[in-house]
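Peer 1: Residue numbers (UniProt numbering): 1 to 505. For each residue, glycine too, the CB sits at the ideal point set by N, CA and C. All values derive from a computational prediction rather than experimental measurement.
Dropping the structure here:
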């Protein structure tokens, strides 16, 4: 328990507890349809004896995160592990006070999906019964306080669910494209039937913000900074409509909100021109007319558009572009092909001074040794200027610096990718489908299958890594070149926007 919390409890005389509330769900395509598992608490537990609840428990000081606590409690109370369950989403935490036991609970809801062939649940001493029920029936049971509220925080409408899945499964596009998709998901939900239960403008505004929270936090956490900021900016635009006219009925508010979101999406398309100009200015100021060797990693729509525009504006500019192929999905190859195709459509004169070299990721040292610029995108920029980008970015920066200390390591990114306050260790790794890695292995299927079943073998498919700020020379964005103070100020602004839009949900 923190000293701050101890002092609060001493002052108020009320206990404060952080707990997880995890809903284990049968998938919608299961024989019985989408159902949630609830448990009847035994008379041996300390609180809420014989009440129905989710798989719950306190967050221990040794738990790395609330999600880690949820996994621990599930294994302890049901015997299920990540072999039987897949994490689905996090619900927005909320706080309640139970005066009858003088306790303030902060509840962290989660949902998990049963995998096909999962073993049966085995309850422990904390429960006497468990059953799967349709979500709408949970409120008919004698439950622990606010169980239906916890459940509502992990349930989303069909358009939001489809949008979240699309964001999670999109391994081709960068953060900017996904951020726009996030706002488009909010628009599709508003145009569809996700919010038909809202019977007032105030109710719809709250539902819209909760949906936005899910898109921002559950869509693609590794690219969450851009998605979060785009959603916050979109909701801030909608808020102006809500605040400026409190007399709107739900239908009129929906219409105005749809118009606001459409305008935001259009503006996002137009804003791409600003970062293109900033990059061209950077090249002119730093290198003038001399040839430039650029090394880059993976595929960034922002980098592609900027390099393309630099050549279209000045066809005489000589650029030697070296691209790491970026396994396992070879986004670097797609990047090179797309850039050349776009330029060739504009005319042969725009490609004659461009030389493209694609190399393996492990040849980073050779590719970077003559670089003038290591140009990387960003999926997230911390308040301190550390940059999360496709794996291979750190190797390119370090090896280029070793070979040529005066090399420019340039982060080309929109301001929206600057995250709110927080340390880089607070962001978990995105470990993706290992089959993307193993598909390329020169083993027959029998040998590969046997190797993967070995208990002491683990396969990793990590997409992103951090490039510490000390290795970055410049941050070029739509407003020009950012200083560290600019990054800190933007990070603070994001926190203020989150507080304004999401805090009171």
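#1: How far does the alpha helix (DSSP H) with residue 282 in it extend, from its first residue to its last?
#2: I need the DSSP call for residue 409, collapsed to helix, strand or coil.
#3: Taking the alpha-carbon positions, what's the residue 472 to residue 369 distance?
#4: Near residue 350, which residues of its chain fall below 7 Å by C-beta distance, leaving aside the five closest residues on each side in sequence?
#5: Locate the alpha helix (DSSP H) running through residue 168, then write down its first and last residues.
#6: How many angstroms separate the CA atom of residue 436 from the CA atom of residue 243?
#7: Could you check where the beta strand (DSSP E) with residue 491 kicks off and where it finishes?
#8: Hey, could you find the ends of the alpha helix (DSSP H) residue 332 is sitting in?
#9: Below 8 Å on the Cβ atoms is my contact criterion, and I expect residue 354 with residue 412 to pass it. Report the Cβ-Cβ distance as a whole number of Å.
#10: Could you tell me whether the region 73-87 touches the region 151-158, where touching means 3 or more Cβ pairs closer than 8 Å?
#11: What does residue 465 pair with, by DSSP beta-bridge criteria?
#12: Out of 345, 19, 208, state which residue places its alpha-carbon closest to the alpha-carbon of residue 107.
#13: Throw me the rounded Cβ distance for the residue 491 and residue 418 pair, which I believe falls under 8 Å.
#14: For residue 105, which beta-bridge partners are listed by DSSP?
#15: Tell me the DSSP secondary structure of residue 185 in three-state form.
#16: Hey, out of 86, 23, 68, 99, whose CA is closest to residue 16's CA?
#17: Spell out the partners DSSP gives residue 476 in its beta bridges.
#18: If we ignore side chains and look at the alpha-carbon of each, how far apart do residue 83 and residue 148 end up?
#19: Grab me the residues of residue 27's own chain with a C-beta within less than 8 Å of its C-beta, minus the 5 sequence neighbours each way, in chain order.
#20: Please classify residue 442: is it buried, with 16 or more other beta-carbons within 10 angstroms of its beta-carbon, or exposed?
#21: With distance defined between alpha-carbon atoms, name the residue in 210, 225, 175 nearest to residue 152.
#22: Out of 42, 118, 454, 56, state which residue places its alpha-carbon closest to the alpha-carbon of residue 129.
#23: Nearest-angstrom Cα distance between residue 409 and residue 400?
#24: Quick check on this structure: which residue in 285, 318, 273 has the alpha carbon closest to the alpha carbon of residue 294?
#25: Starting from residue 542, trace the beta strand (DSSP E) in both directions and tell me its first and last residue.
#26: Entirely within the UniProt domain "Nudix hydrolase" (15-156) and at least 4 residues each: give me those alpha helix (DSSP H) ranges in chain order.
#27: Tell me whether residue 294 sits in a helix, a strand or coil according to DSSP, three-state version.
#28: Which residue's Cα is closest to the Cα of residue 430: 462, 488, 178?
#29: Does DSSP classify residue 369 as helix, strand or coil?
#30: Residue 320 bridges to which residues according to DSSP?
#31: Let me know if residue 322 comes out buried or exposed under the rule of 16 or more other beta-carbons within 10 Å of its beta-carbon.
#32: For the alpha helix (DSSP H) containing residue 460, name the first residue and the last one.
#33: For residue 22 and residue 122, what's the separation of their Cα atoms in angstroms?
#34: Note the first and the last residue of the continuous alpha helix (DSSP H) segment covering residue 506.
#35: Who are the near neighbours of residue 306 in its chain, counting only those whose CB is closer than 7 Å to its CB and skipping five residues on each side?
#36: What are the boundary residues of the alpha helix (DSSP H) that residue 506 is part of?
Peer 2: In brief:
#1: 250-287
#2: strand
#3: 17 Å
#4: Apart from the 5 residues on each side of it in sequence, residue 350 sits with its Cβ closer than 7 Å to the Cβ of 311, 312, 315, 343 in its chain, given in chain order.
#5: 158-169 is the span of the alpha helix (DSSP H), which, as asked, contains residue 168.
#6: 48 Å
#7: Run containing residue 491: none in the beta strand (DSSP E); it sits in the alpha helix (DSSP H), 484-502.
#8: 331-346
#9: Incorrect: roughly 17 Å between the Cβ atoms, too far for contact.
#10: Segment contact: the region 73-87 against the region 151-158, fewer than three CB-CB distances shorter than 8 Å; contact not assigned.
#11: 389
#12: 19
#13: 6 Å
#14: 17, 96
#15: helix
#16: 99
#17: DSSP lists 412, 481 as partners of residue 476.
#18: 28 Å
#19: 34, 113, 114
#20: exposed
#21: 210
#22: 42
#23: 9 Å
#24: 318
#25: Since the first residue of the chain shown is 1 and the last is 505, residue 542 is not available in this structure.
#26: 66-78, 147-152
#27: strand
#28: Measuring C-alpha to C-alpha distances from residue 430 to each of 462, 488, 178 identifies 462 as the nearest.
#29: coil
#30: 293, 355
#31: The residue is buried, with at least 16 neighbouring Cβ atoms inside 10 Å.
#32: Per DSSP, residue 460 belongs to no alpha helix (DSSP H) and is neither H nor E.
#33: Cα to Cα, residue 22 sits roughly 16 Å from residue 122.
#34: The chain is shown from 1 up to 505; residue 506 falls before or after that span and cannot be answered.
#35: 275, 276, 279, 412
#36: A query on residue 506 cannot be resolved here, the shown segment of the chain reaching from 1 to 505 and no further.
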